[in-house]
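Student: Got a structure here, written out as structure tokens. Questions coming.
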Amino acid sequence: MTRTEVEHQSSAVANRPTWLVLSVVGLAVLIVPLGVSGTPVLLPAISADLGARLESVQWVVNAYNVAAASLMLTAGVLADRIGPRKIFVGGTSLYFVSLVAATLTSNVLVLDVLRALAGAGAGAIVTSGTAIVARNFEGQARASAFATIGMVIGLGLALGPSISGLVSEVAGWRGVFAVQAVLVGVALVGARLLPSFAGQSDGGRFDIPGAVLFSGGLVVFTVAIIRGPIAGWGSLQVVALFVVAVVLFGAFIVAELRTANPLFDLRLFANRQFLTVNIVNLEFALGFIGLLLALPAYLAVTRGLSSGMIGVTMLGLTVPAFVMPNVAGVLVRRGATTRLVLTLGLVLMSVGAAISLFTVSADASIVWLVASMIVTGSGVGVLMGVMDGAAVATVEQSSLGMAAGMFNTVRLAAESIASVVVVAAVASLSRSYLTDSGVAAAAAQRVGDRIASGNTDLGLNPPAASIIASSHDHALHGLAALSGLLGIVTIGVVLTVMRKSSDEH
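Heads up: the sequence shown begins at 379 in my numbering, then just goes up one per residue.
In structure tokens:
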């Protein structure tokens, strides 16, 4: 950058309208988790309205997640090169157009494509939004701003299913996309008022091979995860997909090490804090996103709760996830290190998993389940309050977009994989319990698939219903055990790897 550009950007930060920056970025970012957690609720209605099979309509969700995860890194580099506001405006524009078009289509394949475009816009919004916040806030104000963004993400993930369900009952699934379009439209208008920052590129060529290899590898890997439960993990199709993904990722690493202007500077992983926060993403995805998917069906099958009561019970998980990011922000402002706050969040999640593992069952008091949800949700909220800021806090200004892109790519990819794994586990355990109890394989397959899709209106007789309840108990215990174990391992990583990180000095 020239000296004039540096002075202009310093002036922009000094005179930044902080309320506008945080409001606009927060509103746009809110739509992204709403799309992640709220869209699955719409699948049965979309399937019925468009006459599509549930398997094909699942790509309404998968296309969004794959596109967002695979393009975040590219969006991050472009934000560094041409300025984050331009990418932010482009992402919100693409998201807005795709939502409006989605309300008008009557073809499931067209809807899948539109959701992929929305995912691409989502990737641009989150990555450039993170860079905008990082460049407009400094010191403790930056920590508070990222705590607010974390709270917004938690709010979107937590309330997505409830909001989508309520709006769809009143205005149909198209109404959900229409409401989201209005919110994105407001953010788009506000985005044009944000301070402009010049790109900080060194003028080198854009790494097109790296972008293609990384996006291709992530797409193929995600498709393999999605197809695994359907075609069989040992099938030639799935094995071939995994092999292709490994080859593409390997080629990506080689290409990045050889190019002078990599899409992702692998040296960022030498940054202890950046590496650690990306690892924490794995526990966050399994321990929170997994529960968001598994608990509603569990409560319906094992407790017989209505949709309204399920929503009320889920507040035990979602309210702490919404409130605690601000608590994390307060801790940071009072001198707590990132290492300490991350450890606190992981400890709470592990304790919540332990409560679920050792006390929760279909026959036990629901108080234990709610207690587990509150403790787990509190840990999730603490992590949300510091993770985004920690990912870019020790990264050079010129690499903010790249770092934000990689962090959010890992987060969304982990959430997508966790979602598929949890759904597949519940379906597999249900089928296994039914077949072991003498139910015909075909019938067990149908019931397992309906449970995996979130359909709990199974019409089962009491003995079969009891078997399903037991399978849900085992599935929840398995999820809790895995989450607790991963949480303990991640705590060890945080305490060890971040021991000499910059925030400890």
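Ideal placement from N, C-alpha and C gives every residue a C-beta, glycine not left out. The model shown is predicted, which means the values in this text are computed figures rather than measured ones.
(1) Is the region 757-771 touching the region 516-533 in the sense that three or more CB pairs, one from each, lie closer than 8 Å?
(2) Rounded to whole angstroms, what's the CA-CA distance from Val399 to Ile503? Just pull it up for me.
(3) Give a yes or no on whether the C-beta atoms belonging to Val402 and Ala663 are separated by under 7 Å.
(4) Suppose the cutoff is 7 Å on Cβ atoms and the five residues either side in sequence are ignored; what does the same chain contact list for Val557 look like?
(5) Ala423 and Thr505 look like a contact to me (Cβ under 8 Å); what is the Cβ gap, rounded to whole Å?
(6) When you compare only the Cα positions, how much space is there between Ser448 and Gly594?
(7) Mapping the DSSP letters down to three states, classify Ser593 as helix, strand or coil.
(8) With three or more C-beta pairs closer than 8 Å as the rule, is the region 785-801 touching the region 550-564?
(9) Pairs of beta-carbons, one from the region 642-659 and one from the region 766-773, closer than 8 Å: are there three or more?
(10) For a minimum of 3 consecutive residues, which ranges assigned as the beta strand (DSSP E) are wholly contained in the region 671-757?
(11) Pull up the distance between the alpha-carbon of Phe642 and that of Asp458, whole angstroms please.
(12) Roughly how many angstroms lie between the CA atoms of Leu683 and Met692, to the nearest whole one?
(13) Which residues in the same chain have their Cβ closer than 6 Å to the Cβ of Phe515, if we skip the five residues on either side of it in sequence?
(14) Using the C-alpha atoms, what's the distance from Leu644 back to Leu635?
(15) Could you round the C-beta distance between Val438 and Thr470 to whole angstroms and report it? I think they count as a contact, below 8 Å.
(16) Comparing alpha-carbon positions, which option in Val788, Ala699, Thr716, Asp814 lies nearest Leu535?
(17) At the level of alpha carbons, what is the spacing between Ile869 and Leu724?
(18) Exposed or buried, Asn786, counting other C-beta atoms within 10 Å across all chains shown (16 or more means buried)?
(19) With Thr396 as the anchor, note down where its alpha helix (DSSP H) starts and where it stops.
(20) For Asp814, does the count of other Cβ atoms within 10 angstroms reach 16, so buried, or fall short, so exposed?
(21) Does the separation of the CB atoms of Leu492 and Ala479 fall below 7 Å?
(22) Between the alpha carbons of Ala629 and Asn485, how many angstroms are there, rounded?
Tutor: Taking the geometry as given:
(1) yes
(2) For the purposes of this step, residue 399 is identified with residue 21 of the sequence shown, where counting begins at 1. For the purposes of this step, residue 503 is identified with residue 125 of the sequence shown, where counting begins at 1. One C-alpha to the other measures close to 13 Å.
(3) Here residue 402 refers to the residue found at position 24 of the sequence shown. Here residue 663 refers to the residue found at position 285 of the sequence shown. It is not a contact, given that the beta carbons lie outside the stated cut-off.
(4) Here residue 557 corresponds to residue number 179 of the sequence shown, with the count starting at 1. These residues qualify, in order along the chain: Val545.
(5) Indexing the sequence shown from 1 puts residue 423 at position 45. Indexing the sequence shown from 1 puts residue 505 at position 127. So it is not a contact: roughly 31 Å between Cβ atoms.
(6) Taking the first residue of the sequence shown as 1, we reach residue 448 at position 70. Taking the first residue of the sequence shown as 1, we reach residue 594 at position 216. Roughly 8 Å separates the two Cα atoms.
(7) Here residue 593 refers to the residue found at position 215 when the sequence shown is read from its first residue. Three-state result, Ser593: helix.
(8) no
(9) yes
(10) none
(11) What you label residue 642 is simply residue 264 of the sequence shown in a count that begins at 1. What you label residue 458 is simply residue 80 of the sequence shown in a count that begins at 1. C-alpha separation (whole angstroms): 12 Å.
(12) In the sequence shown, residue 683 corresponds to position 305, counting from 1. In the sequence shown, residue 692 corresponds to position 314, counting from 1. Computed Cα separation, rounded: 11 Å.
(13) Locating residue 515 in the sequence shown gives position 137, counting from the first residue. Cβ within range, chain order: Ala523.
(14) Stepping through the sequence shown from its first residue, residue 635 is reached at position 257. Stepping through the sequence shown from its first residue, residue 644 is reached at position 266. Roughly 8 Å between the two C-alpha positions.
(15) Mapped onto the sequence shown, residue 438 falls at position 60. Mapped onto the sequence shown, residue 470 falls at position 92. Not a contact, Cβ separation roughly 21 Å.
(16) The count along the sequence shown starts at 1 and reaches residue 535 at position 157. Out of Val788, Ala699, Thr716, Asp814, Ala699 has the C-alpha closest to the C-alpha of Leu535.
(17) Locating residue 869 in the sequence shown gives position 491, counting from the first residue. Locating residue 724 in the sequence shown gives position 346, counting from the first residue. Computed Cα separation, rounded: 6 Å.
(18) Locating residue 786 in the sequence shown gives position 408, where the first residue counts as 1. Classification of Asn786: buried, given that the 10 Å Cβ count is 16 or more.
(19) As a working note, residue 396 is residue 18 in the sequence shown. Its alpha helix (DSSP H) spans residues 396-416.
(20) By 1-based counting over the sequence shown, the position of residue 814 is 436. Under this definition Asp814 is an exposed residue.
(21) Mapped onto the sequence shown, residue 492 falls at position 114. Mapped onto the sequence shown, residue 479 falls at position 101. For Leu492 and Ala479, yes; Cβs fall inside 7 Å.
(22) The count along the sequence shown starts at 1 and reaches residue 629 at position 251. The count along the sequence shown starts at 1 and reaches residue 485 at position 107. Roughly 37 Å separates the two Cα atoms.
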